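J.: Residue numbers (this note's numbering), protein chains in the order written: chain Y, 15 to 503; chain V, 15 to 503.
Note that beta-carbon positions come from the ideal geometry of N, C-alpha and C, so glycine has one too.
Owing to the predicted nature of the structure, the values given are computational and were not obtained by experimental measurement.
Sharing a structure, written as structure tokens. Questions coming.
Number of protein chains: 2
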Amino acid sequence: MGNPLDPQEFRRQAHMVVDFIADYYQDIEKYPVRSQVEPGYLPKLLPKSSPTCPEPIETILQDVKAHILPGLTHWQSPNYFAFFPASASIAGHGLAGANALPSKVLPFSGNGGGVLQGTTCEVILCTLVAARDRVLSRIGRENIGKLVVYGSDQTHCSFQKASRIVGIHQCNFRIIKTDKSTSFALSPDLLRTTISADVEAGLIPIYVCATVGTTSTTSVDPLGPICNVAQDYTMWVHVDAAYAGNTCICPEFRHFIDGVEGANSFSMNAHKWFFTTHDCCCLWVREPSALVKSLSTNPEYLRSKTTDSKQVVDYKDWQITLSRRFRALKLWLVLRSYGVEILRNLIRSHVEMAKLFEGFLATDKRFEIVVPRNFALVCFRISPSAINMLATIGENDYSANIFGSGGACCGGLELSTYEKCINDVNCKLLESINSSGHIYMTHAVVDGVFVLRFAVGATLTEEQHVFMAWEIVKEHADATLNMYKFGKL
Amino acid sequence: MGNPLDPQEFRRQAHMVVDFIADYYQDIEKYPVRSQVEPGYLPKLLPKSSPTCPEPIETILQDVKAHILPGLTHWQSPNYFAFFPASASIAGHGLAGANALPSKVLPFSGNGGGVLQGTTCEVILCTLVAARDRVLSRIGRENIGKLVVYGSDQTHCSFQKASRIVGIHQCNFRIIKTDKSTSFALSPDLLRTTISADVEAGLIPIYVCATVGTTSTTSVDPLGPICNVAQDYTMWVHVDAAYAGNTCICPEFRHFIDGVEGANSFSMNAHKWFFTTHDCCCLWVREPSALVKSLSTNPEYLRSKTTDSKQVVDYKDWQITLSRRFRALKLWLVLRSYGVEILRNLIRSHVEMAKLFEGFLATDKRFEIVVPRNFALVCFRISPSAINMLATIGENDYSANIFGSGGACCGGLELSTYEKCINDVNCKLLESINSSGHIYMTHAVVDGVFVLRFAVGATLTEEQHVFMAWEIVKEHADATLNMYKFGKL
Numbered sequence: 015m016g017n018p019l020d021p022q023e024f025r026r027q028a029h030m031v032v033d034f035i036a037d038y039y040q041d042i043e044k045y046p047v048r049s050q051v052e053p054g055y056l057p058k059l060l061p062k063s064s065p066t067c068p069e070p071i072e073t074i075l076q077d078v079k080a081h082i083l084p085g086l087t088h089w090q091s092p093n094y095f096a097f098f099p100a101s102a103s104i105a106g107h108g109l110a111g112a113n114a115l116p117s118k119v120l121p122f123s124g125n126g127g128g129v130l131q132g133t134t135c136e137v138i139l140c141t142l143v144a145a146r147d148r149v150l151s152r153i154g155r156e157n158i159g160k161l162v163v164y165g166s167d168q169t170h171c172s173f174q175k176a177s178r179i180v181g182i183h184q185c186n187f188r189i190i191k192t193d194k195s196t197s198f199a200l201s202p203d204l205l206r207t208t209i210s211a212d213v214e215a216g217l218i219p220i221y222v223c224a225t226v227g228t229t230s231t232t233s234v235d236p237l238g239p240i241c242n243v244a245q246d247y248t249m250w251v252h253v254d255a256a257y258a259g260n261t262c263i264c265p266e267f268r269h270f271i272d273g274v275e276g277a278n279s280f281s282m283n284a285h286k287w288f289f290t291t292h293d294c295c296c297l298w299v300r301e302p303s304a305l306v307k308s309l310s311t312n313p314e315y316l317r318s319k320t321t322d323s324k325q326v327v328d329y330k331d332w333q334i335t336l337s338r339r340f341r342a343l344k345l346w347l348v349l350r351s352y353g354v355e356i357l358r359n360l361i362r363s364h365v366e367m368a369k370l371f372e373g374f375l376a377t378d379k380r381f382e383i384v385v386p387r388n389f390a391l392v393c394f395r396i397s398p399s400a401i402n403m404l405a406t407i408g409e410n411d412y413s414a415n416i417f418g419s420g421g422a423c424c425g426g427l428e429l430s431t432y433e434k435c436i437n438d439v440n441c442k443l444l445e446s447i448n449s450s451g452h453i454y455m456t457h458a459v460v461d462g463v464f465v466l467r468f469a470v471g472a473t474l475t476e477e478q479h480v481f482m483a484w485e486i487v488k489e490h491a492d493a494t495l496n497m498y499k500f501g502k503l
Numbered sequence: 015m016g017n018p019l020d021p022q023e024f025r026r027q028a029h030m031v032v033d034f035i036a037d038y039y040q041d042i043e044k045y046p047v048r049s050q051v052e053p054g055y056l057p058k059l060l061p062k063s064s065p066t067c068p069e070p071i072e073t074i075l076q077d078v079k080a081h082i083l084p085g086l087t088h089w090q091s092p093n094y095f096a097f098f099p100a101s102a103s104i105a106g107h108g109l110a111g112a113n114a115l116p117s118k119v120l121p122f123s124g125n126g127g128g129v130l131q132g133t134t135c136e137v138i139l140c141t142l143v144a145a146r147d148r149v150l151s152r153i154g155r156e157n158i159g160k161l162v163v164y165g166s167d168q169t170h171c172s173f174q175k176a177s178r179i180v181g182i183h184q185c186n187f188r189i190i191k192t193d194k195s196t197s198f199a200l201s202p203d204l205l206r207t208t209i210s211a212d213v214e215a216g217l218i219p220i221y222v223c224a225t226v227g228t229t230s231t232t233s234v235d236p237l238g239p240i241c242n243v244a245q246d247y248t249m250w251v252h253v254d255a256a257y258a259g260n261t262c263i264c265p266e267f268r269h270f271i272d273g274v275e276g277a278n279s280f281s282m283n284a285h286k287w288f289f290t291t292h293d294c295c296c297l298w299v300r301e302p303s304a305l306v307k308s309l310s311t312n313p314e315y316l317r318s319k320t321t322d323s324k325q326v327v328d329y330k331d332w333q334i335t336l337s338r339r340f341r342a343l344k345l346w347l348v349l350r351s352y353g354v355e356i357l358r359n360l361i362r363s364h365v366e367m368a369k370l371f372e373g374f375l376a377t378d379k380r381f382e383i384v385v386p387r388n389f390a391l392v393c394f395r396i397s398p399s400a401i402n403m404l405a406t407i408g409e410n411d412y413s414a415n416i417f418g419s420g421g422a423c424c425g426g427l428e429l430s431t432y433e434k435c436i437n438d439v440n441c442k443l444l445e446s447i448n449s450s451g452h453i454y455m456t457h458a459v460v461d462g463v464f465v466l467r468f469a470v471g472a473t474l475t476e477e478q479h480v481f482m483a484w485e486i487v488k489e490h491a492d493a494t495l496n497m498y499k500f501g502k503l
């Protein structure tokens, strides 16, 4: 066998893999969207140890098709409406330049800068370390136990993880409650009251994580007022716009980040809605020097004329890892291959398709929209009144908690039997839809309410898929309500 | 323009990109190995803003070739002998299963487990958080200021970064000095003395990072004795075998990790020497539950029947980031495409080529091997006696520090003018070699001695490249010593 990087053999095998992937995309609608396998199915199909001798690429690709594809959830399927999109594109498969996005999007002028990292988890961790050290270097490291950080009950879980990693006491991790009155956005007034009480108690507020487009419902925290509060306490504001930040290239969505000029850092995931394959998180920071102070290293074996000259930006000092993949290349390929106008129109078309689905829901009184739609996510459920009616006229009684899984869907709140019942019906509906394999959606629980999330954004999704999705949702709602009616859920 | 993920257009463009990459590998020896451009060359060549309209793939690839390729350092070049290899392969480009490596390599039985992450920086951070929380949950979080971590002056810089991130006071970050007497391996006796003094002073030792194959010289810390010391203080031992761990698949190298059964975690980078493209770091941990306790999150929007069933391992709780790329696929493709025996022989052939180069050096009295070779890295320099002779007979005088850059190469130690002079000659030699573009090596400074590192491991490297490298080293040594002799360096 030849060299493992032999150019001709590379050419032969890579062309074969390209056809394999192209065939996969061509056939993608034939697969059940959500993985239908049982946990642990794969080890049974694999040999116990690594092969001693080489196997040909043809055999390996056959195994990928036979054993691995059935285990996948097909995130690029046009019938994928779960979580948030992970919108890939041809250019995004590419094989540069941080700051690739129009700098006009963000008003961080002067010494501000941008860097591409992997995921939001990493950028929150990096900015939080910078914010922590900025304060501790002034007041002394022994005060780490006094530092407090703030988010809402809608903030992404990576914020809590990052705060644990950097040593924030978990009793100083403030989760400010949101509710329907603000569409689950963080209230600046509540934020101020909470901070003020902490300061009164001798604690030191350092960081607030605001979100533009929360995970559960794409709510938008009001950046301007939040930054104003934070400024009064010299806190760091990070804006997590992982999903919705991608829409900022469209002028009509720009207002959602109004006030960002008061923030210290801002991030968005190009791998969510910018047609770039995973992973690619864009971080902008007002003062990169704060990151560098916390994260720089300068070992002899990495020194060179160039690094010593300070003519280059050493991005290793802006992030956790030393080595970096060339993520900028795929983002640059996306920008060049499609151009800004097409990217805008792609995002707009996804929003339009979400509106289309929203319109369908409005024609059917059994459903309700739970939270107003901001982007391309529709949060809905079978309405309490539809369930109520059946409970009254049917042979069922919602006062009995007929579903063992009731507690599983309440998000930890104390719910009445009635509320649990409504959640359970919706939970069963979602499971019924997803088990069919035709489409895939996920759920969230906000303020005790179980909602189905219809997230449009897979690159291959077209109007026809939304029409079909609506038919499937109706069909499974019929079946679920019918079973409920006859006490068979 | 069609859908950005149109299968036929994907096929067309991806085939084009495959040919582009195959051509690149075919021509790779035509490029200067180390990037020859000036910092900042690229922005001048790029348009000021993103294009409004799409550009064809052909134009974009032309720009990659014209503007980006000249800026690259060609890590896959057969003439690349710098840092450590980043050995790619055809299968490693693959587009599985953690624990893919033979489990017999590591004796972590029972509840132990493995996970693929990105880089060593991440795995050190994760294990350090676990070690910290394991202790703090017992003694109270207010004692974070008393925690102490240990490494040697040869430990990778990511250990220091990780310790800062998790809130270890930098005055509690212990760097134990190594020297030539142990070939720059960490002395277990010195470790014990240091820990003992810290405990005496009321501090709490929690973590030691041992290295198998250090970055500067591939030294090997004695794992058995180090684990014994750590055990006496109930400390966590992490074994960073980023580079050398890859050799463990060869029985004759297995002894370098003898004693690993006493460690709590072990990591190696498959992207260094396992023919897998960046990034792919394999981490094994004895007690994954320690990681999970520190890093788990359980938000409602991620819950599912499967996660609730506990039938699956949620790797997000073993790492920093929530989302994961499918790294296991490329590693699995490597194992299957080449089989263990070929992988062993590839590693052996690299070691043989390093021995070949070592043999060349032994035939030329101007050079000396500074540290004994363990794997495929040769650390050498022009010997003091060769320089001394010229200083005596030539028109030069080493007693004058003729090179302004003297301080730059001393690794922060106080060096005599004589020592600085020898370092400077070697520093100039390396720069002269690398500027030629024919081969690329890097340097390290150990115990004040500047060494040239000849690291064999690029997948395309064959014996002929080592022969050529030796000719180039001799030629530039001739020139450098000649310039030194006539005071023209």
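#1: From LEU19 of chain V to GLN22 of chain Y, what distance separates their C-alpha atoms?
#2: In chain V, what lies closer than 7 Å to TYR352 of chain Y by C-beta?
#3: Quick one, which of V:GLU266, V:ARG387, V:GLN174 and V:PRO202 has its alpha-carbon nearest GLN245 of chain V's?
#4: Answer yes if the stretch 63–80 of chain Y comes into contact with the stretch 58–67 of chain V, meaning at least three C-beta pairs across the two stretches below 8 Å, and no otherwise.
#5: If contacts are defined as beta-carbon pairs under 8 Å, then ASP293 of chain V and SER310 of chain V qualify, I think. What distance do you get, rounded to the angstrom?
#6: Under 8 Å, Cβ to Cβ, is there at least one residue of chain V near VAL326 of chain Y?
#7: Contact criterion: CB-CB distance below 8 Å. Does CYS171 of chain Y meet it with respect to chain V?
#8: Using the Cα positions of ALA521 of chain Y and ALA224 of chain Y, report the straight-line distance between them to the nearest angstrom.
#9: With respect to 7 Å, is the separation between the Cβ of VAL327 of chain Y and the closest non-hydrogen atom of the ligand PLP below this value?
#10: What residue range is occupied by the uninterrupted alpha helix (DSSP H) comprising PRO65 of chain V?
#11: Let me know the secondary structure DSSP gives SER177 of chain Y once reduced to three states.
#12: Report all residues from its chain with a CB closer than 7 Å to the CB of HIS88 of chain V; omit the five preceding and five following residues, and keep chain order.
#13: Check this for me: beta carbons of PHE464 of chain V and ASN496 of chain V, under 8 Å apart or not?
#14: So which residues of chain Y does GLY451 of chain V contact, with C-beta pairs closer than 9 Å?
#15: What residues in its chain sit with their C-beta under 8 Å from that of LEU86 of chain V, if we drop five residues either side in the sequence?
#16: State the start and end residues of the unbroken alpha helix (DSSP H) segment that holds MET282 of chain Y.
#17: Buried or exposed for PHE500 of chain Y, going by 16 or more other Cβ atoms inside 10 Å?
#18: Helix, strand or coil, according to DSSP, for ALA342 of chain V in the structure here?
#19: Taking DSSP as the reference, what is the three-state secondary structure of THR431 of chain Y?
#20: Since ALA145 of chain V and TRP250 of chain V are thought to touch, with beta carbons under 8 Å apart, how far apart are those beta carbons, to the nearest angstrom?
#21: So, for THR228 of chain Y: in the same chain, excluding its five sequence neighbours on each side, which residues have a beta-carbon less than 6 Å away from its beta-carbon?
#22: Using the C-alpha atoms, what's the distance from LEU56 of chain V back to HIS81 of chain V?
#23: On the DSSP bridge list, what partners appear for TYR94 of chain Y?
#24: Within a Cβ cutoff of 6 Å, which residues of the same chain sit near ALA422 of chain V, ignoring the five residues on either side of it in sequence?
#25: Counting beta carbon pairs with one atom in the stretch 186–204 of chain Y and one in the stretch 132–149 of chain Y, are three or more of them shorter than 8 Å?
#26: Go to PRO219 of chain Y, then tell me how far its alpha helix (DSSP H) extends in each direction, as first and last residue.
#27: Would GLY165 of chain Y count as contacting chain V if we go by Cβ distances under 8 Å?
#28: Just list the alpha helix (DSSP H) runs in the stretch 129–178 of chain Y, keeping only unbroken ones of 4 residues or longer that don't cross its boundaries, in chain order.
#29: Could you tell me which residues DSSP pairs with HIS252 of chain Y in its beta bridges?
#30: Should HIS364 of chain V be flagged as near chain Y, meaning a C-beta pair shorter than 8 Å?
#31: Pick helix, strand or coil for ALA469 of chain Y, following the three-state DSSP scheme.
#32: Between which residues of its own chain and VAL306 of chain Y is the CB-CB distance below 6 Å, once the five residues before and five after are set aside?
#33: Could you give the residue range of the alpha helix (DSSP H) that holds VAL504 of chain Y?
#34: So, helix, strand or coil for LEU391 of chain Y, using DSSP?
#35: Can you pull out the residues from the stretch 173–189 of chain V whose beta carbon lies closer than 7 Å to at least one beta carbon of chain Y?
#36: Using the Cβ count rule (16 or more neighbours within 10 Å means buried), how would you classify GLN10 of chain V?
T.: With the structure as the only source:
#1: For this step, residue 19 of chain V is matched to residue 5 along the second sequence. For this step, residue 22 of chain Y is matched to residue 8 along the first sequence. Spanning the two alpha carbons is a distance of roughly 27 Å.
#2: Within the first sequence, residue 352 of chain Y is the residue found at index 338, counting from 1. Within chain V, the residues near TYR352 of chain Y are PRO18 and PRO68.
#3: Counted from its first residue, the second sequence places residue 245 of chain V at position 231. Across the set V:GLU266, V:ARG387, V:GLN174 and V:PRO202, the C-alpha of V:PRO202 shows the shortest separation from the C-alpha of GLN245 of chain V.
#4: no
#5: Here residue 293 of chain V refers to the residue found at position 279 when the second sequence is read from its first residue. Here residue 310 of chain V refers to the residue found at position 296 when the second sequence is read from its first residue. Not quite, the Cβ-Cβ distance comes to about 23 Å (not below 8 Å), so this is no contact.
#6: Working through the first sequence from its first residue, we reach residue 326 of chain Y at position 312. Chain V, which has a Cβ nearer than 8 Å to the Cβ of VAL326 of chain Y, makes this yes.
#7: As a position in the first sequence, residue 171 of chain Y is number 157, starting the count at 1. Closer than 8 Å: yes.
#8: No information on residue 521 of chain Y is available, as it lies outside the stretch 15 to 503 that chain Y covers here.
#9: Of the ligands one can find in the structure shown there are none, so the ligand PLP has no counterpart to examine.
#10: Position 51 of the second sequence, counted from the start, is the residue given in the question as residue 65 of chain V. Taken as a continuous stretch (DSSP letters only), PRO65 of chain V belongs to no alpha helix (DSSP H), as it is neither H nor E.
#11: Walking along the first sequence from the start, residue 177 of chain Y turns up at place 163. Helix.
#12: Sequence index remark: in the second sequence, residue 88 of chain V carries index 74 (1-based). Answer for HIS88 of chain V: ILE42, TYR45, VAL47 and TYR94, listed in chain order.
#13: Taking the first residue of the second sequence as 1, we reach residue 464 of chain V at position 450. Taking the first residue of the second sequence as 1, we reach residue 496 of chain V at position 482. No; because the gap between Cβ atoms is not below 8 Å, this pair is not in contact.
#14: Counting from one through the second sequence, the residue named residue 451 of chain V turns up at place 437. Simply none; closest approach about 15 Å.
#15: Counting from one through the second sequence, the residue named residue 86 of chain V turns up at place 72. For LEU86 of chain V, where only same-chain residues beyond five positions count, the Cβ hits under 8 Å are TYR45 and SER49.
#16: Within the first sequence, numbered from 1, the residue matching residue 282 of chain Y stands at position 268. For MET282 of chain Y, there is no enclosing alpha helix (DSSP H); the enclosing beta strand (DSSP E) has its first and last residue at 279–283.
#17: Counting from 1 along the first sequence, the entry for residue 500 of chain Y is found at position 486. Only exposed fits PHE500 of chain Y, as fewer than 16 other CB atoms lie within 10 angstroms of its CB.
#18: As a first step, residue 342 of chain V is located in the second sequence; it is residue number 328 there, counting from the start. Helix at ALA342 of chain V.
#19: Your numbering for residue 431 of chain Y matches position 417 in the first sequence. Three-state DSSP puts THR431 of chain Y in a helix.
#20: Here residue 145 of chain V refers to the residue found at position 131 when the second sequence is read from its first residue. Here residue 250 of chain V refers to the residue found at position 236 when the second sequence is read from its first residue. Contact holds; Cβ gap of about 4 Å.
#21: Taking the first residue of the first sequence as 1, we reach residue 228 of chain Y at position 214. Same-chain partners within the cutoff: GLN168.
#22: The residue given as residue 81 of chain V occupies position 67 in the second sequence. The residue given as residue 56 of chain V occupies position 42 in the second sequence. So the two alpha carbons sit approximately 7 Å from each other.
#23: Within the first sequence, residue 94 of chain Y is the residue found at index 80, counting from 1. Partner(s): Y:TYR454.
#24: In the second sequence, counting from the first residue as 1, residue 422 of chain V sits at position 408. Any reading at ALA422 of chain V must be qualified, since the residue scores a pLDDT of 41, below 50, and its modelled position is unreliable; no value is offered.
#25: no
#26: As a working note, residue 219 of chain Y is residue 205 in the first sequence. Element bounds for PRO219 of chain Y: not the alpha helix (DSSP H) but the beta strand (DSSP E), 218–225.
#27: On the first sequence, residue 165 of chain Y is found 151 positions in, with the first residue counted as 1. Cβ-Cβ to chain V under 8 Å: no for GLY165 of chain Y.
#28: 134–153
#29: Along the first sequence, one-based indexing puts residue 252 of chain Y at 238. Answer is Y:CYS223 and Y:SER279.
#30: Residue numbering aside, residue 364 of chain V sits at position 350 when the second sequence is read from its first letter. Not a single C-beta of chain Y is nearer than 8 Å to the C-beta of HIS364 of chain V.
#31: Counted from its first residue, the first sequence places residue 469 of chain Y at position 455. The DSSP-derived three-state label of ALA469 of chain Y is strand.
#32: For this step, residue 306 of chain Y is matched to residue 292 along the first sequence. Contacts found: ASP331.
#33: Outside the shown range of chain Y, which is 15 to 503, sits residue 504 of chain Y, and nothing can be said about it.
#34: If you number the first sequence from 1, residue 391 of chain Y lands on position 377. Strand.
#35: Flagged, chain order: GLN174, LYS175, ARG178, ILE179, VAL180, GLY181 and HIS183.
#36: The displayed coordinates of chain V run from 15 to 503. Any statement about residue 10 of chain V would go beyond what the structure contains.
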